[in-house]
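*Asks:* To start, I am sharing the structure in question, which I have written as structure tokens.
Number of protein chains: 2
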Amino acid sequence: MDVTDDSATTQRGTARDRALDAARTLFSQNGVSGTSLQMIADHLGVTKAAIYHQFHTKEEIVVTLLEKPLAELETIITEAEAMDAREDQLDVLLKGLVDVVLANPEVVGLIQGDPAAARIAQVGRLHGDTGRRLTNLLSGPHPDPEARVASVLYGAGLMSIGHHPLLSDIDPETMRSELPRIGRLMLR
Amino acid sequence: MDVTDDSATTQRGTARDRALDAARTLFSQNGVSGTSLQMIADHLGVTKAAIYHQFHTKEEIVVTLLEKPLAELETIITEAEAMDAREDQLDVLLKGLVDVVLANPEVVGLIQGDPAAARIAQVGRLHGDTGRRLTNLLSGPHPDPEARVASVLYGAGLMSIGHHPLLSDIDPETMRSELPRIGRLMLR
DNA sequence: GTCTATAGATAGATAGAC
DNA sequence: GTCTATCTATCTATAGAC
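Protein chains in written order, with this note's numbering: chain A, 1 to 188; chain B, 189 to 376.
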């Protein structure tokens, strides 16, 4: 069964991308620690060794999944930091954050809820002070307790909301308008 | 070293309670799947068998940890449902939810973020429609998409916030006044 | 009530055939 | 590039001595 063309379903780099897709799905369902390489292999109908041919360790899979959303997040933060007015800063930040969350719902949920993923996200040499910069932007120029509570509440909620079952029927346009609106309400 | 009185540190039922304390701490740090019975035993300086003497399975530990906060949650929900005016309903609900979260920060965080804990919380015959009732109360009499997004965002954020490292220096009084206030702002 | 010992399954990971 | 086979470590859980 030769596959000589790059079909639209599973493009180039097939095996690797399919492994990442399966891992992302299973990680978000069972957590990183709750997902074995055997489960990923079974999901694809291959053996564990086939997965290990693409990634040398389980952690390498997690790192690969985290790379894109973390890079997008850092871009957003940098853009927001470049704004002068606080209102513009918040607008750019909230719109960007919501876009990242809606584009990477499962992975973002992992960073928020899964201790194994959170550890890898922090350790992986990547984005050492990203968390601090994000916190500063959210809490604003007057990081009193009230502002900090609101910003952490919003940040944590946002990261958990992307693939929440109770909102699976809400269309993305509503999410994309409501989430920044609520953010401005909370953080103003 | 006899303990005949119920001291404030490790009351009656010593071994069992110490096991629960260790499990709660480790579960919240590493997740349920990321915590082995060996880790719990090591944390207490005992063997795995000592843990298995108190609990027959790992899941039984999780169920035991979830019982109290889930029971408290159901009480709050019932109290709120008994209110006539929407404003009173929301006041009772928000104050109660915040109290539960602040009293059980680690466990509540597990229910929100850990798929293994969430599954046990739902399956464990306990509180079959608690989630639906809570959602109805939060979303209010007009559960349009906007109200639902706000209620899920608040609920998810609240459950993740109890033992968040960025808020560890905020005094409980501030949390207890700010969190319901933000909730009313979002859900009104 | 806590231990040793161990079963049985599965984890992550490697080597080498095809 | 995917397979079989296998290693070692660790997992949950049990049985039985002390």
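Cβ coordinates follow ideal geometry from the N, Cα and C atoms, glycine included.
Among A:Arg24, A:Ile170, A:Gly45 and A:Asp88, which one has its Cα closest to the Cα of B:Ala335?
*Replies:* Mapped onto the second sequence, residue 335 of chain B falls at position 147. Answer by Cα proximity: A:Ile170.
*Asks:* Check whether the Cβ atoms of B:Ser221 and B:Asp302 sit closer than 9 Å, and answer yes or no.
*Replies:* As a position in the second sequence, residue 221 of chain B is number 33, starting the count at 1. As a position in the second sequence, residue 302 of chain B is number 114, starting the count at 1. Yes, the pair counts as a contact, with Cβ atoms nearer than the cut-off.
*Asks:* Looking at B:Ser348: is its Cβ nearer than 9 Å to the Cβ of B:Ser339?
*Replies:* What you label residue 348 of chain B is simply residue 160 of the second sequence in a count that begins at 1. What you label residue 339 of chain B is simply residue 151 of the second sequence in a count that begins at 1. Cβ distance not < 9 Å, so B:Ser348 and B:Ser339 don't count as in contact.
*Asks:* Just mark A:Thr75 as buried or exposed, buried being the case when its beta carbon has 16 or more other beta carbons within 10 Å.
*Replies:* Working through the first sequence from its first residue, we reach residue 75 of chain A at position 75. With fewer than 16 other Cβ atoms within 10 Å, it is exposed.
*Asks:* Evaluate the contact criterion for the segment 12 to 22 of chain A versus the segment 39 to 53 of chain A: three or more CB pairs, one atom per stretch, below 8 Å.
*Replies:* yes
*Asks:* Could you check the C-alpha separation between B:Asp317 and A:His163 for me, to the nearest Å?
*Replies:* Your numbering for residue 317 of chain B matches position 129 in the second sequence. Your numbering for residue 163 of chain A matches position 163 in the first sequence. Computed Cα separation, rounded: 21 Å.
*Asks:* Quick one: which unbroken beta strand (DSSP E) runs of 3-plus residues sit fully inside the segment 241 to 287 of chain B? Chain order, please.
*Replies:* none
*Asks:* Are the CB atoms of A:Gly157 and A:Thr135 nearer to each other than 9 Å?
*Replies:* Here residue 157 of chain A refers to the residue found at position 157 when the first sequence is read from its first residue. Here residue 135 of chain A refers to the residue found at position 135 when the first sequence is read from its first residue. No, they are not a contact pair.
*Asks:* Helix, strand or coil for B:Asn292, going by three-state DSSP, please let me know.
*Replies:* By 1-based counting over the second sequence, the position of residue 292 of chain B is 104. Looking at B:Asn292 - three-state DSSP - the assignment turns out to be coil, as it is neither helix nor strand.
*Asks:* Which residue marks the beginning of the alpha helix (DSSP H) containing B:His231, and which one marks its end?
*Replies:* Position 43 of the second sequence, counted from the start, is the residue given in the question as residue 231 of chain B. Its alpha helix (DSSP H) spans residues Leu225 to Leu232.
*Asks:* Against chain B, with Cβ distances strictly below 9 Å, would A:Arg184 count as a contact?
*Replies:* As a position in the first sequence, residue 184 of chain A is number 184, starting the count at 1. No - not a single Cβ of chain B is within 9 Å of the one on A:Arg184.
*Asks:* Thinking just about the alpha-carbon of each residue, which of B:Val250, B:Gln242 and B:Thr223 is nearest to the one in B:Thr202?
*Replies:* Within the second sequence, the letter at position 14 stands for residue 202 of chain B. Nearest to B:Thr202 by alpha-carbon distance, out of B:Val250, B:Gln242 and B:Thr223, is B:Gln242.
*Asks:* Taking Cβ to Cβ, would you say B:Ala304 is nearer than 9 Å to A:Asn30?
*Replies:* Translated into positions along the second sequence, residue 304 of chain B becomes position 116. Translated into positions along the first sequence, residue 30 of chain A becomes position 30. In this structure, A:Asn30 lies closer than 9 Å to B:Ala304 by Cβ.
*Asks:* Give the list of continuous alpha helix (DSSP H) stretches no shorter than 4 residues that lie fully inside the segment 117 to 168 of chain A.
*Replies:* 130 to 139 and 145 to 161
*Asks:* Please classify A:Ser33: does DSSP put it in a helix, a strand, or coil?
*Replies:* Position 33 of the first sequence holds residue 33 of chain A. In the structure shown, A:Ser33 sits in coil (DSSP, three-state: anything other than H, G, I, E or B).
*Asks:* Do A:Leu65 and A:Leu97 have their C-beta atoms closer together than 9 Å?
*Replies:* Mapped onto the first sequence, residue 65 of chain A falls at position 65. Mapped onto the first sequence, residue 97 of chain A falls at position 97. A:Leu65 is not a Cβ neighbour of A:Leu97, given a cutoff of 9 Å.
*Asks:* Would you identify the three-state DSSP class for B:Ile299, choosing helix, strand or coil?
*Replies:* Residue 299 of chain B sits at position 111 when you count from the first residue of the second sequence. When DSSP states are grouped into helix, strand and coil, B:Ile299 belongs to the helix group.
*Asks:* Shorter than 9 Å from the beta carbon of A:Pro115 to some beta carbon of chain B?
*Replies:* The residue labelled residue 115 of chain A in the question sits at position 115 within the first sequence. Chain B, which has a Cβ nearer than 9 Å to the Cβ of A:Pro115, makes this yes.
*Asks:* Would you say B:Pro329 and B:Arg376 are within 9 Å of each other, going by their C-beta atoms?
*Replies:* Within the second sequence, numbered from 1, the residue matching residue 329 of chain B stands at position 141. Within the second sequence, numbered from 1, the residue matching residue 376 of chain B stands at position 188. Their beta carbons are not under 9 Å apart, which means B:Pro329 does not touch B:Arg376 by this criterion.
*Asks:* Taking beta-carbon pairs under 9 Å, can you tell me which members of the segment 161 to 174 of chain A lie near chain B?
*Replies:* Ile161, His164, Leu166, Leu167, Asp169, Ile170, Asp171 and Thr174
*Asks:* According to the neighbour-count rule (16 or more other Cβ atoms, all chains shown, within 10 Å of its Cβ), is B:Thr266 buried or exposed?
*Replies:* Locating residue 266 of chain B in the second sequence gives position 78, counting from the first residue. B:Thr266 is exposed by the Cβ-count criterion.
*Asks:* Which of the residues in the segment 150 to 161 of chain A, read from start to end, lie with their CB under 9 Å from any CB of chain B?
*Replies:* Ala150, Ser151, Val152, Leu153, Tyr154, Gly155, Ala156, Gly157, Leu158, Met159, Ser160 and Ile161
*Asks:* Taking the beta carbon of B:Arg212 as the centre, do at least 16 other beta carbons fall within 10 Å, making it buried, or is it exposed?
*Replies:* For the purposes of this step, residue 212 of chain B is identified with residue 24 of the second sequence, where counting begins at 1. By the 10 Å Cβ count, B:Arg212 comes out buried.
*Asks:* Return the first residue and the last residue of the alpha helix (DSSP H) that A:Arg176 is part of.
*Replies:* Counting from one through the first sequence, the residue named residue 176 of chain A turns up at place 176. First-last of the alpha helix (DSSP H) with A:Arg176: Pro172 to Leu187.
*Asks:* Short of 6 Å in beta carbon distance, which residues of its chain neighbour B:Ala379, apart from the five on each side in sequence? Order them along the chain.
*Replies:* Examination of residue 379 of chain B is not possible in this model, given that chain B is present from 189 through 376 alone.
*Asks:* I'd like to know whether the C-beta atoms of B:Ile308 and A:Met186 end up nearer to each other than 9 Å.
*Replies:* For the purposes of this step, residue 308 of chain B is taken as residue 120 along the second sequence, with counting starting at 1. For the purposes of this step, residue 186 of chain A is taken as residue 186 along the first sequence, with counting starting at 1. With a cutoff of 9 Å on beta-carbon distance, B:Ile308 and A:Met186 are scored as not near each other.
*Asks:* Within 10 angstroms of the Cβ of B:Glu248, are there 16 or more other Cβ atoms? Answer buried if so, exposed if not.
*Replies:* For the purposes of this step, residue 248 of chain B is identified with residue 60 of the second sequence, where counting begins at 1. Label assigned to B:Glu248: exposed.
*Asks:* Taking only beta-carbon atoms, is A:Val123 less than 9 Å away from chain B?
*Replies:* If you number the first sequence from 1, residue 123 of chain A lands on position 123. No, A:Val123 does not count as interfacial toward chain B.
*Asks:* Let me see if you follow: with CB-CB separation under 9 Å, is B:Arg336 close to chain A or not?
*Replies:* Position 148 of the second sequence, counted from the start, is the residue given in the question as residue 336 of chain B. Chain A, which has a Cβ nearer than 9 Å to the Cβ of B:Arg336, makes this yes.
*Asks:* Do A:Ile102 and A:Leu137 have their C-beta atoms closer together than 9 Å?
*Replies:* Locating residue 102 of chain A in the first sequence gives position 102, counting from the first residue. Locating residue 137 of chain A in the first sequence gives position 137, counting from the first residue. It should be pointed out that residue 102 of chain A corresponds to Leu in this sequence rather than to Ile. Not a contact, by the Cβ cut-off of 9 Å.
*Asks:* Using the beta-carbon of each residue, which ones in chain A are nearer than 7 Å to B:Gly323?
*Replies:* Position 135 of the second sequence, counted from the first residue, corresponds to residue 323 of chain B. Rather than Gly, the amino acid found at residue 323 of chain B in this sequence is Thr. In chain order: Leu166.
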